[in-house]
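In the numbering used here, the protein residues as written are 2 to 320.
Here it is as structure tokens:
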């Protein structure tokens, strides 16, 4: 009986041992799985931590960039606040003359001295602008500009309309001593131009509105190179041809400045005097800048100026 009981006890112990072993194996497997899972979680956690660190660094860079941009915007705004406001003042000069007098070449020569005269087309209604000076006063930078309207004789009606409607500050009448290709003075052409500017026509040019705003009237006798002689002889003879027109212009000398120039657009004679003359007569002295003053001094002391006009910019017959 006892051996049987011992056998049963041993069998029970073996069964219990087997069950315990199975449980231990199961627990070991579960622990191993849990360890693997924990390792994976730790790995994922490390990756997430790196991503978070990278994201934080990116946020920090963005904040730094935004701060820098904000400071740059503030600096630019301060610079804009310090910069002067821009203004523009335009002085209109009207150029008149029949076709072929060389007024377009003359206009472009003094309005833009770098112009290539070989590229000039036939007379059209054109406008040219030349910045004369830039002056800073009370945080306002004012650009002073000459606007030159080039009108052909064939458009005289439109020119009169311009005189009536717009405020004109200067009038440039261009006549010549000969047509295109001329080698000597052409008296018939001179007479044609004298008829163009007969007293009845001039009265239209010197209406009340024009006289109220116009500061100077310039008669430019072009193509003086057609006359042989010394500069003084050339000037005197050219003025004789246009003596009737000069005489008529003199009638307005009490109301507006009148000046006569004798020169050549092709050769550049007396052209630089036009710019200086319009500056002196039209531009207020408050509009002069350092560059303009230097240009004016240079023009007044140039050898050509002294040679062509005895030191004067032209014959002034006005007030």
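Built from N, CA and C at the ideal position, the CB exists for glycine as well.
Three or more beta-carbon pairs separated by less than 8 Å are not found between the segment 245-253 and the segment 74-93, which leaves the two stretches without contact.
Note: residue 96 is bridge-paired with 151 and 173 in the DSSP secondary-structure output.
Around the C-beta of residue 171, 16 or more other C-beta atoms lie within 10 Å, and the residue is accordingly described as buried. Here DSSP, grouped into helix, strand and coil, assigns residue 63 to helix.
Shown here for residue 200: same chain residues with a beta carbon closer than 6 Å to its own, the five before and five after excluded, namely 249 in chain order. Here residue 38 has no same chain residue with a Cβ atom under 6 Å from its own Cβ, once five neighbours each way along the sequence are excluded.
Distance from residue 278 to residue 186 at the Cβ level is roughly 25 Å; contact not present, criterion being Cβ atoms closer than 8 Å. Judged by beta-carbon spacing, residue 190 lies within the 9 Å limit of residue 179, meaning their Cβ atoms are closer than that value. Remark: C-beta atoms of residue 175 and residue 96 approach each other more closely than 9 Å. Look at the beta carbons and you see the segment 93-113 touching the segment 137-154: at least three pairs across the two are nearer than 8 Å.
Counting only runs of 4 or more residues that sit fully inside the segment 221-279, the alpha helix (DSSP H) segments are 232-242 and 244-251, in chain order. The residue from 206, 84, 106 and 65 with its alpha-carbon nearest to that of residue 129 is 106.
Here residue 226 is not near residue 273, since their CB atoms are 9 Å or more apart. Looking at the backbone, the Cα of residue 255 and that of residue 192 are separated by about 27 Å. Counting along the chain, the unbroken alpha helix (DSSP H) around residue 191 starts and ends at 188-197. In this structure, residue 288 lies near residue 136, with their beta-carbon atoms less than 9 Å apart. Residue environment analysis places residue 93 among the buried positions, since at least 16 neighbouring C-beta atoms fall within 10 angstroms of its C-beta. Nearest to residue 133 by alpha-carbon distance, out of 84, 127 and 143, is 143. The Cβ atoms of residue 207 and residue 257 lie closer than 9 Å to each other. The Cβ atoms of residue 221 and residue 284 lie no closer than 9 Å to each other. For the 9 Å CB-CB criterion, residue 103 and residue 266 form a contact. A check of alpha carbon separations from residue 98 across 25, 56, 61 and 173 identifies 173 as the nearest.
Rounded to whole angstroms, the Cβ separation of residue 282 and residue 216 is 5 Å, and the two are in contact under 8 Å. Within the same chain, 263 come within 6 Å of residue 236 by CB-CB distance, once the 5 residues on both sides are set aside. Closest in C-alpha terms to residue 91, from the list 229, 214, 296 and 224, comes 214. Between the alpha carbons of residue 22 and residue 48 lies a distance of about 38 Å. Secondary structure at residue 137: strand, using DSSP grouped into helix, strand and coil.
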